[in-house]
DNA sequence: CCCATCATTGATCGGTGATAAGTTATCACT
DNA sequence: AGTGATAACTTATCACCGATCAATGATGGG
């Protein structure tokens, strides 16, 4: 019988279909500890336990690996933003809490954050051509969740700026600056971290909202 | 005569001592057009008109070239910050102008800015060991000029926060976020750039200063 | 005129991302 | 069991990278 045979996945030497996950895990681990540029495909392959060319069966390019990690990082961020939006009401307190969700995400997932927002993508556009703008689309997705929250604040008449996109981009930039600097320049003589974060978020809140000086 | 012979610079084939400047000029030009990672020492050498190993007579490492460019760029920033401070009076207008000096500098020297604040320095510290923190120190020099301006605003009783370091770090993070994202994510669907900058600076000003809602 | 000096170079090293061709193992089907 | 197709993987290799080194060649001093 076997009227219609479903192609079953083979698992010859390694764990088969999980191989791709193993590669991503190894890559993220290595990127986190050694930095993106200093990690080679051979190192990734060695950690997975396969030969270096074997990677290219799952990813066309090294950049594709980082792009995939980037997309996943954004997915996590989207998840958290949606959670934050679930019990959101347009108040200054909720607003600050949403900003903190972003900061906490970045600081709790510094590796993912690095890959998502701090990776240098060549100016000539070769990266974009090869990898497509899927990572960018994922980023915009996360951004839009944030925009929805800002939109609710605007609708409640609490924001200084009526343009949601503009205000969201500004706030995002403000948050990203703090997170990226804390991650990339951990050895800078920062003021105590929690104090700095609270101070920064307060500043953004004062700058964004009306009548909460 | 010639009681004391000054070592006269030799100019065997090229222009001698100016060679170093030529290298820096070529490197900056290439970095600007093609991005930091995709430019090779051979390309730099070819543009200067010398062989690739000849570079290493002037710079110990490729990173040293970028570091030198970075330091020079920040010298310019310090210069601009001091110029901004020269005719600075503790008003909201002057304050915004100072913020804009930083943003303009970053956008006009994206490669130097990258090297100073956005380049991934392997967490193992190999980069730092080779090149030192001279680029970052140069950046911090500019940071301190900025702190002086914030200090004047505080002394005039215009800031929300009395702690100058804390406030300066917060503002710096806010500015850095905008600059670094505009540089690294140039293809993001940003609101019109000038508008976004103005909006961002206004937000930071509202968040930092009292009674200028 | 010769020599010491030093900027400069071709050759080369280990390492990189990526490709091509060949090998092995598993499958469907007889 | 045997066969062909194919997926998974490997070895060998390519062009290029940053960096090093012995050799080259021009220069100025004695």
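Residue numbers (full-length UniProt numbering), protein chains in the order written: chain A, 1 to 213; chain B, 1 to 213.
The beta carbon of each residue, even a glycine, is placed where N, CA and C say it ideally should be.
Report task. Give a yes or no on whether 8 Å exceeds the smallest Cβ distance from residue 107(A) to chain B. Result -> On the first chain, residue 107(A) is found 107 positions in, with the first residue counted as 1. With 8 Å as the cut-off, residue 107(A) does not count as an interface residue toward chain B.
Query raised in the report: Going by Cα to Cα distance, which pick from 190(B), 199(B), 169(B) and 89(B) is closest to residue 185(A)?
Result: As a first step, residue 185(A) must be located in the first chain, where it is residue number 185. If we check each option's Cα against that of residue 185(A), 169(B) comes out closest.
Query raised in the report: Listing by chain order, which chain A residues have their CB less than 9 Å from the CB of residue 159(B)?
Result: Locating residue 159(B) in the second chain gives position 159, where the first residue counts as 1. In chain order: nothing, as chain A lies at least about 10 Å away.
Query raised in the report: What does residue 115(B) touch in chain A if you count any residue whose Cβ is under 8 Å from its own?
Result: Here residue 115(B) is taken as the residue at index 115 of the second chain, counted from 1. Residues of chain A with a Cβ closer than 8 Å to the Cβ of residue 115(B) do not exist; the shortest Cβ-Cβ separation is about 11 Å.
**Report entry** C-beta neighbour in chain B for residue 70(A), strict 8 Å
**Finding:** Here residue 70(A) refers to the residue found at position 70 of the first chain. It does not; no Cβ of chain B falls within 8 Å.
Report task. With DSSP as the reference, please indicate the residues paired to residue 209(A) in a beta bridge. Result -> Counting from 1 along the first chain, the entry for residue 209(A) is found at position 209. DSSP lists 159(A) as partners of residue 209(A).
Report task. Would you identify the three-state DSSP class for residue 119(B), choosing helix, strand or coil? Result -> Numbered from 1 along the second chain, position 119 holds the residue referred to as residue 119(B). Residue 119(B) falls in the coil class under three-state DSSP.
Query raised in the report: CA-CA distance, residue 5(A) and residue 38(A)?
Result: Working through the first chain from its first residue, we reach residue 5(A) at position 5. Working through the first chain from its first residue, we reach residue 38(A) at position 38. At residue 5(A) the pLDDT is 40, less than 50, meaning the model places this residue with poor confidence; the figure from the coordinates comes in the next sentence. Cα to Cα, the separation comes out at about 45 Å.
Query - Helix, strand or coil at residue 190(A) according to DSSP, with G and I counted as helix - result: Here the question's residue 190(A) lines up with position 190 in the first chain. If DSSP states are grouped into helix, strand and coil, residue 190(A) belongs with coil.
Query raised in the report: What does residue 118(A) touch in chain B if you count any residue whose Cβ is under 9 Å from its own?
Result: On the first chain, position 118 is the one that residue 118(A) refers to. In chain order: 118, 120, 180 and 184.
Query raised in the report: Which residues, in chain order, does the segment 143–154 of chain B contribute to contact with chain A at a C-beta distance below 7 Å?
Result: For the segment 143–154 of chain B, which is checked against every Cβ of chain A, not one residue is closer than 7 Å.
Query raised in the report: Ends of the alpha helix (DSSP H) at residue 19(B)?
Result: Here residue 19(B) refers to the residue found at position 19 of the second chain. Where residue 19(B) is concerned, the enclosing alpha helix (DSSP H) starts and stops at 19–34.
Requested in this report: Could you give the DSSP three-state label for residue 88(B): helix, strand or coil?
Outcome: As a position in the second chain, residue 88(B) is number 88, starting the count at 1. In the three-state scheme derived from DSSP, where H, G and I count as helix and E and B as strand, residue 88(B) is classed as coil.
Requested in this report: In the DSSP assignment, find the alpha helix (DSSP H) that holds residue 57(B) and state where it starts and stops.
Outcome: Along the second chain, one-based indexing puts residue 57(B) at 57. Unbroken run through residue 57(B): none, as it is neither H nor E.
Query raised in the report: For the alpha helix (DSSP H) that residue 180(A) lies in, which residues bound it at each end?
Result: By 1-based counting over the first chain, the position of residue 180(A) is 180. For residue 180(A), the enclosing alpha helix (DSSP H) stretches over residues 164–184.
Query - Environment of residue 81(B) [buried if 16+ CB atoms lie within 10 Å] - result: If you number the second chain from 1, residue 81(B) lands on position 81. Burial call: buried.
Report task. Measure the CB-CB distance between residue 161(A) and residue 70(B) and report whether it falls below 8 Å. Result -> Here residue 161(A) refers to the residue found at position 161 when the first chain is read from its first residue. Here residue 70(B) refers to the residue found at position 70 when the second chain is read from its first residue. Here residue 161(A) is not near residue 70(B), since their CB atoms are 8 Å or more apart.
Query raised in the report: Taking Cβ-Cβ distances below 9 Å as the criterion, which residues of the segment 73–106 of chain A are in contact with chain B?
Result: Hits within the stretch: zero.
Query raised in the report: Since residue 169(B) meets chain A, which of its residues come closer than 7 Å, beta carbon to beta carbon?
Result: As a first step, residue 169(B) must be located in the second chain, where it is residue number 169. Listed along chain A are 190, 191 and 196, each with a C-beta nearer than 7 Å to that of residue 169(B).
Query raised in the report: Is residue 197(B) helix, strand or coil when you go by DSSP?
Result: As a working note, residue 197(B) is residue 197 in the second chain. If DSSP states are grouped into helix, strand and coil, residue 197(B) belongs with the helices.
Requested in this report: Count the CB pairs spanning the segment 91–109 of chain A and the segment 52–61 of chain A that are closer than 8 Å, and state whether there are at least three.
Outcome: Cβ pair count under 8 Å is below three, so no.
**Report entry** Within chain B, partners of residue 52(A) - CB distance below 9 Å
**Finding:** Within the first chain, the letter at position 52 stands for residue 52(A). The premise fails here: residue 52(A) is roughly 20 Å from chain B at the closest Cβ pair, so nothing lies under 9 Å.
Query - Outcome for residue 119(B) when other beta-carbon atoms lying within 10 angstroms are tallied against a minimum of 16 - result: Counting from one through the second chain, the residue named residue 119(B) turns up at place 119. By the neighbour-count criterion, in which a residue is buried when 16 or more other Cβ atoms sit within 10 angstroms of its Cβ, residue 119(B) is buried.
Requested in this report: Run down chain A in chain order and give the residues with a C-beta less than 8 Å from the C-beta of residue 204(B).
Outcome: Looking up residue 204(B) in the second chain gives position 204. Neighbours of residue 204(B) on chain A, chain order: 174, 203 and 207.
Query raised in the report: Looking at the structure shown, is residue 50(B) part of a helix, part of a strand, or coil, going by DSSP?
Result: Counting from one through the second chain, the residue named residue 50(B) turns up at place 50. Three-state result, residue 50(B): coil.
Requested in this report: Starting from the C-beta of residue 85(B), find all residues in its chain whose C-beta is less than 7 Å away, skip the five residues before and the five after it, and write them out in chain order.
Outcome: Along the second chain, read from residue 1 onward, the residue named residue 85(B) stands at position 85. Counting only Cβ-Cβ distances below 7 Å, and skipping sequence neighbours, we find 145, 148 and 149.
Query raised in the report: Using the beta-carbon count (16 or more within 10 Å), is residue 89(A) buried or exposed?
Result: Locating residue 89(A) in the first chain gives position 89, where the first residue counts as 1. By the 10 Å Cβ count, residue 89(A) comes out exposed.
Requested in this report: Note down, in chain order, every chain B residue with its Cβ under 8 Å from the Cβ of residue 49(A).
Outcome: Locating residue 49(A) in the first chain gives position 49, where the first residue counts as 1. Chain B residues near residue 49(A): none, gap ~23 Å exceeds 8 Å.
**Report entry** Test: residue 63(B) CB closer than 8 Å to a CB of chain A
**Finding:** Along the second chain, read from residue 1 onward, the residue named residue 63(B) stands at position 63. No, because no Cβ of chain A sits closer than 8 Å to the Cβ of residue 63(B).
Query raised in the report: Where do the ends of the alpha helix (DSSP H) carrying residue 133(A) lie?
Result: Residue 133(A) sits at position 133 when you count from the first residue of the first chain. Looking at the DSSP string, residue 133(A) is not in any alpha helix (DSSP H), and its letter there is neither H nor E.
Query raised in the report: Can you name the residues of chain A whose CB is closer than 8 Å to the CB of residue 166(B)?
Result: Numbered from 1 along the second chain, position 166 holds the residue referred to as residue 166(B). Result: 191, 195, 196 and 199.
Query raised in the report: When the cut-off is 8 Å and only beta carbons count, does residue 141(A) lie next to chain B?
Result: Taking the first chain and counting its residues from 1, one reaches residue 141(A) at position 141. The beta-carbon of residue 141(A) is placed no less than 8 Å from the nearest beta-carbon of chain B.
Requested in this report: Sort 64(B), 74(B) and 22(B) by Cα distance to residue 49(B) and report the nearest one.
Outcome: As a first step, residue 49(B) must be located in the second chain, where it is residue number 49. Selected option, being the one with the closest Cα: 22(B).
Query raised in the report: What is the rounded straight-line gap between the Cα of residue 190(B) and the Cα of residue 74(B)?
Result: As a position in the second chain, residue 190(B) is number 190, starting the count at 1. As a position in the second chain, residue 74(B) is number 74, starting the count at 1. Roughly 27 Å between the two C-alpha positions.
Query raised in the report: Looking only at C-alpha atoms, which of 105(A), 195(A), 53(A) and 72(A) sits nearest to residue 28(A)?
Result: Against the first chain, residue 28(A) aligns to sequence position 28. For the residues 105(A), 195(A), 53(A) and 72(A), the minimum Cα distance to residue 28(A) belongs to 72(A).
Query - Buried or exposed by the 16-neighbour rule on C-beta atoms within 10 Å, applied to residue 33(A) - result: Your numbering for residue 33(A) matches position 33 in the first chain. With fewer than 16 Cβ atoms within 10 Å of its Cβ, residue 33(A) is classed as exposed.
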